[in-house]
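Worksheet: one structure, shown below.
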Amino acid sequence: MARSGPWMPMETNIQAWLIDAGGVSEAFGSRGRAGETPPRPGLRVKVAGASLERLQALAEAAGPLGIEVRWDWGASGGTPGAERPPGPLPVPEAARVRNEPPGRWSQDAADGQGLMLGGSQEQLQALVERWQDLDPQAALALEAGLRAGLSRPERFRARGTVYPLARFPYLLGILNVTTDSFYSGARHFGTDAALRRAEQVAREGGDWIEVGGESARGGTPLSPEAEAERVAPVVAALRARIPLPVAVDTYKPQVARAAVEAGASLINDISGGADPEMFRVARETGAALVLMHLTARPKEEYEDPGYPSTLDAVRWFLGERLALAREAGVEEEQLLVDPGLNFGKHPRRDLEIMRSLKSFSALGRPLYLATSRKDYLRDLLGLPPEELLEATEAAVAFAVLQGVQLFRVHDVAAVARVRAVAWAIHEAVAAGARG
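Shown next, in the form of C-alpha cells:
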C-alpha cells in the first residue's frame with residue numbers, strides 16, 4: 119500500500135545527534151584502507167533537516183576545519199517515496215554513507231537522510247561557532263546535540279525531589295486499576311486490590327508504583343472524569359500507606375492533574391504530549407514527564423507506519439516533543455523519553471530499537487523502557503503474555519547493559535534480581551574500560 123503522506127515531516131526544524139563517540143564506523147571511513155593509517159578516534163554527528171541546500175551550506179563550512187564530511191543517503195538509498203516493508207533498515211549503513219549527497223532529497227525524517235560530520239570535540243565546537251553567523255538555528259542544534267551526547271544525565275526531578283541516575287536502574291511496578299489489561303496479572307481493579315499490589319511492589323524491591331486507569335488496547339476511551347475517578351483515590355491511598363513515589367500512566371491532562379494533586383509525581387504520557395495541556399500540567403506541578411513515541415492516537419488500532427529508518431523517525435519525533443515541552447516551560451530535569459516498544463510498530467522494529475538503545479542517549483534525557491511481556495517477545499517465542507517472564511528478563515538484562523535507567527515492569531521480584539546481576543556486570547565492564 120502506498121503511503122498517503124509524509125511519515126515525519128521536518129518542516130523548518132533541524133536536529134543534530136551524536137551517534138558515535140570514541141570511534142567512528144567503517145562506513146564513515148574511520149578504519150582506513152589497507153596500508154593506510156586509520157584516522158584518530160573522534161565523534162560522529164548526524165544533522166537532519168528538510169533542506170539539502172541548507173545542509174550543503176553547512177557542509178561547506180565544516181570542510182576547512184578538518185571535519186570529515188559524508189552524506190547519509192537514507193534507508194531508502196536516496197529514492198524516497200514508496201512504502202517499504204516493516205523491519206530493520208533495508209539498506210546497510212556501509213551503503214548509506216557516501217561522499218556525495220543523494221540526487222533526490224526527502225523532507226521526511228523517517229527516510230533517514232542527513233549530513234554526517236566526523237571530527238574531534240574541539241573541531242565540532244569550532245563548527246558551532248562558525249555556524250552562528252551562517253545558520254544560528256543549526257548552530258544551536260549542533261551545540262545541543264554535542265552536549266546531549268557527551269554528558270549522561272545525572273538526575274531527574276519530580277515535584278522537587280531529585281532522583282540520581284548514577285545507580286542501578288529504577289523499577290516502576292505496574293498497577294493497573296483496570297479489568298482489561300493485555301496481561302491478566304496486571305489487573306488490580308479497586309482500591310483494596312490496588313493496595314495489595316502496591317504492598318507487593320514495595321516488598322519485592324520496586325522503586326516506584328505506576329498507576330494506570332485505562333488499558334492502551336483499542337476500544338472506546340474512558341472519559342477524563344471517569345478515569346480520574348478511578349485513579350486519583352488510588353494514588354491518594356497509596357501515598358498514605360506505601361513509602362514509594364507514585365507515577366500515573368495517562369495521556370489525558372485532566373487525569374494527570376488529578377493524580378498529581380492526589381500525590382503522584384511522575385506522568386507517563388504514551389501520546390508524547392499530543393495534548394499541549396500536558397506540558398502545562400508538568401510545568402505547573404513540577405511532575406516529571408515521560409514522552410513516548412507514538413504516531414497514532416492512544417486507543418486507536420495501531421498500524422506499522424512503514425518507516426524506512428525506524429531510529430531516525432523515533433529520534434526525530436522525541437526530539438521534537440522534547441523541544442515543545444521546553445518551549446512550554448517544562449524544566450529539562452523533569453523530562454524523560456520512551457521509544458514506545460509495541461506501539462504502532464512491527465515487532466521487528468521493536469528489535470531494531472532494542473539493538474540500538476544506546477542511540478537514544480543522543481537526546482540527552484533518561485531512557486524509560488516498557489519491555490515487560492510485550493508483543494515482540496510474544497512473536498519471537500510464540501507464547502502468550504502469561505508465559506513471557508524469561509523473555510522479559512532477557513530483554514531487561516540487555517537493556518541495563520545499554521544504559522537504560524528506568525524500567526516499567528510487571529514482575530518486580532524477578533526483574534530486581536536480573537537488575538542486580540546486570541548492573542554488576544555493567545559496572546565491571548565500565549571499570550575495565552577505565553583501565
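For the sequence shown, the numbering used here assigns the number 119 to the initial residue and increments by one for each residue that follows. Just so you know, even glycine gets a beta-carbon here, dropped at the ideal spot from N, CA and C. Note that the structure is a prediction, hence the values are computed from the model and not measured.
Asked	Found
Cutting at 6 Å between CB atoms, please list the residues of its own chain near N460, excluding the five before and the five after it.	K492, D493
In whole angstroms, what separates the C-alpha of A244 from that of E445?	27 Å
Could you have a look at Q231 and say whether DSSP puts it in helix, strand or coil?	strand
Which first and last residues belong to the beta strand (DSSP E) in which V364 is found?	364-367
Among the candidates A517, S490, Q523, whose CA atom is the shortest distance from the CA of L507?	S490
For Q241 and G192, I'd like the C-alpha separation in whole angstroms.	25 Å
Starting from the N-terminal side, write out each stretch of the alpha helix (DSSP H) that is 4 residues or longer and does not extend beyond the region 492-529.	493-499, 507-519
Quick one: Cα of P254 to Cα of M234, how far?	19 Å
Between which two residues does the beta strand (DSSP E) carrying A166 extend?	161-167
Taking the CB atoms as reference points, tell me whether I132 and A257 lie closer together than 7 Å.	no
Answer with buried or exposed for E438, where buried requires no fewer than 16 other C-beta atoms within 10 angstroms of its C-beta.	buried
When the Cα atoms are used, what is the spatial distance from L183 to A168?	24 Å
Would you identify the three-state DSSP class for D430, choosing helix, strand or coil?	helix
For I185, count the other beta carbons within 10 Å of its own beta carbon; 16 or more makes it buried, fewer makes it exposed. Which is it?	buried
Quick one: what does DSSP say G237 is sitting in, helix, strand or coil?	strand
Which residues in the same chain have their Cβ closer than 6 Å to the Cβ of S474, if we skip the five residues on either side of it in sequence?	L429
When burial is assigned at 16 or more other CB atoms within 10 Å of the CB, is T296 buried or exposed?	buried
What's the C-alpha gap between M396 and P371?	5 Å
Would you mind working out which of P342, P339, L283, A374 sits nearest E77, comparing C-alpha positions?	Because the chain in this structure spans residues 119 to 553, residue 77 falls outside the shown range and cannot be described.
Roughly how many angstroms lie between the CA atoms of V142 and L268, to the nearest whole one?	The predicted model places V142 with a pLDDT of 48, which falls under 50 and marks its position as unreliable, so this point remains unresolved.
Could you name the residues of the same chain whose beta carbon sits closer than 8 Å to that of T368, not counting the 5 residues immediately before and after it, in chain order?	G330, G331, E332, E345, V349, A374, A377, I385, N386, D387
Where R275 and Q452 are concerned, what is the direct C-alpha to C-alpha distance, given to the nearest angstrom?	5 Å
Taking 6 Å as the limit between beta carbons, can you name the residues of its chain near L487, skipping five residues before and five after?	A517, V522, F525
Note down the Cα distance separating R202 from P426, rounded to an integer number of angstroms.	Note that R202 scores a pLDDT of 45, beneath 50, so its modelled location is shaky and nothing firm can be said.
Look at the Cβ atom of F478, then the Cβ atom of L485, and state whether they are nearer than 7 Å.	yes
What residue range does the beta strand (DSSP E) around E186 cover?	186-191
Using 8 Å as the Cβ pair cut-off and three pairs as the minimum, do the region 284-291 and the region 528-542 touch?	yes
Looking at H411: is its Cβ nearer than 7 Å to the Cβ of P457?	yes
Taking the alpha carbon of T279 as the point to measure from, which residue in A406, P342, R433 has its own alpha carbon closest?	A406
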